[in-house]
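Counting in our numbering, the final residue of the sequence shown is number 331, and the numbers go up one at a time with none missing.
All remarks here apply to the structure that follows.
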Amino acid sequence: MYPASFEYYAPASLDEAIDLLNKHREEARVLAGGHSLIPMMKLRVLRPAYVIDLNRVKGLKYIEEKGGEIRIGALTTYYDVITSDIVKRRVPILAECASVVADPQVRNWGTIGGSLSHCDPSGDMGSSILALRAKMVAKGSSGERVIESDDWFVGSFQSALKTGEILREIVIPTPKPGSGGAYLKLERKAGDYAIAAVGVQVTLDGSGSCTYAGIGLTAVGPTNLRAKKAEQALVGRKVDDRVIEEAARAATEDCRPTDDPLRGSAEYKRAMVGVLTKRALNKALADAKRSR
Numbered sequence: 040m041y042p043a044s045f046e047y048y049a050p051a052s053l054d055e056a057i058d059l060l061n062k063h064r065e066e067a068r069v070l071a072g073g074h075s076l077i078p079m080m081k082l083r084v085l086r087p088a089y090v091i092d093l094n095r096v097k098g099l100k101y102i103e104e105k106g107g108e109i110r111i112g113a114l115t116t117y118y119d120v121i122t123s124d125i126v127k128r129r130v131p132i133l134a135e136c137a138s139v140v141a142d143p144q145v146r147n148w149g150t151i152g153g154s155l156s157h158c159d160p161s162g163d164m165g166s167s168i169l170a171l172r173a174k175m176v177a178k179g180s181s182g183e184r185v186i187e188s189d190d191w192f193v194g195s196f197q198s199a200l201k202t203g204e205i206l207r208e209i210v211i212p213t214p215k216p217g218s219g220g221a222y223l224k225l226e227r228k229a230g231d232y233a234i235a236a237v238g239v240q241v242t243l244d245g246s247g248s249c250t251y252a253g254i255g256l257t258a259v260g261p262t263n264l265r266a267k268k269a270e271q272a273l274v275g276r277k278v279d280d281r282v283i284e285e286a287a288r289a290a291t292e293d294c295r296p297t298d299d300p301l302r303g304s305a306e307y308k309r310a311m312v313g314v315l316t317k318r319a320l321n322k323a324l325a326d327a328k329r330s331r
């Protein structure tokens, strides 16, 4: 099926894009990589009268580290994340996560900002962003505002962006020495949406105690979720097998899965969250010990 007719804009600046978005408001949609928007338009789930393509806007595609933060432009592709030396060295959880998104075509063209703005509860990137306590920088006609990752995921396919705002940048605190991360995904086949997925980021001090724990969950709730009970089970403790088991059990309580004829029952998904959390924690902790 072809999309319904629409008027196409390709602004040369972010300010011009914001002006167009404010002019047309709910009738407009922003195009980044297009791998979420275009299929929904083809199915006529979305029928925007105006499409605002950001790909001619300069200054939205970068990965840089400065001032104790890693900054990622909203038009940065999954491929850029996978191949970035900064990401691989500082936040490898993001490279792991990006490497299991869909297929090579999507990874080569799909963008981090587009994925996060789309807010699909089965989207991979959200759980890693939550685990890293990232912040989103949104720009609108009245200026910029910073949105914590905990506040970003408002509902299924609903971000915290206000009408007329565009996600400009993702900001991640640079992890301290002794940090490690992992993203593990259970899927029916390679490139599929997750049945369940878990992103874990931890930091250990010199004595082996956990000083930071971030755990994000994908596809087991109305949005990407933080497993706060599981995090609390780790922080301030020396993490051994017993503590890992406790955190994994807590993660099964944090999630809110539903029955799905394609991807399994809520009970199955909950059990898989426990398994994936345990495995991801073991991997993240091993990485953290090596980096101390």
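Beta carbons: idealized from backbone N, C-alpha and C, even for Gly.
From a predicted model like this one, the values you see are computed outputs, not experimental measurements.
- GLY153 has its alpha-carbon roughly 18 Å from the corresponding atom of GLU55.
- GLY153 carries a helical assignment under DSSP once its states are collapsed to helix, strand and coil.
- Separation of the CB atoms of LEU273 and ASN263 is rounded to 19 Å, and the pair is thereby denied contact status at 8 Å.
- VAL176 and SER198 have their C-alpha atoms roughly 12 Å apart.
- Its chain contains MET79 as the residues whose beta carbon lies nearer than 6 Å to that of LEU85, once the 5 sequence neighbours on both sides are disregarded; these appear in chain order.
- In this structure MET164 is buried. Its beta-carbon is surrounded by 16 or more other beta-carbon atoms within 10 angstroms.
- For LYS100, there is no enclosing beta strand (DSSP E), as DSSP marks it with neither H nor E.
- Excluding residues up to 5 positions away in sequence, ALA236, VAL237, LEU315, ARG318 and ALA319 lie with their Cβ nearer than 7 Å to the Cβ of LEU223 in the same chain.
- Take the alpha-carbon of ARG83 and the one of TYR251: they are about 44 Å apart.
- Runs of the alpha helix (DSSP H) spanning 4 or more residues and lying entirely within the segment 222-309 occur at 267-271 and 280-293, in chain order.
- Taking C-beta separations shorter than 8 Å and ignoring five residues to either side along the sequence, the partners of GLU46 in its chain run ALA88, TYR89 and VAL90, following chain order.
- Under DSSP, ALA67 takes part in a beta bridge, and its partners are TYR89.
- Secondary structure at GLU46: strand, using DSSP grouped into helix, strand and coil.
- Restricting attention to ALA286, PRO216, VAL278 and GLU208, the CA atom closest to the CA of GLU103 is found in GLU208.
- Between ALA305 and PRO296 the beta-carbon gap is near 4 Å, inside 8 Å, which marks them as a contact.
- One Cα belongs to GLU226, the other to LEU114, and the distance between them is close to 26 Å.
- With a cutoff of 8 Å on beta-carbon distance, GLY245 and GLU270 are scored as not near each other.
- Less than 8 Å divides the Cβ of LYS178 from the Cβ of ILE205.
- Within the same chain, Cβ atoms closer than 7 Å to the Cβ of TYR41 are found at LYS81, the five residues on either side in sequence being excluded.
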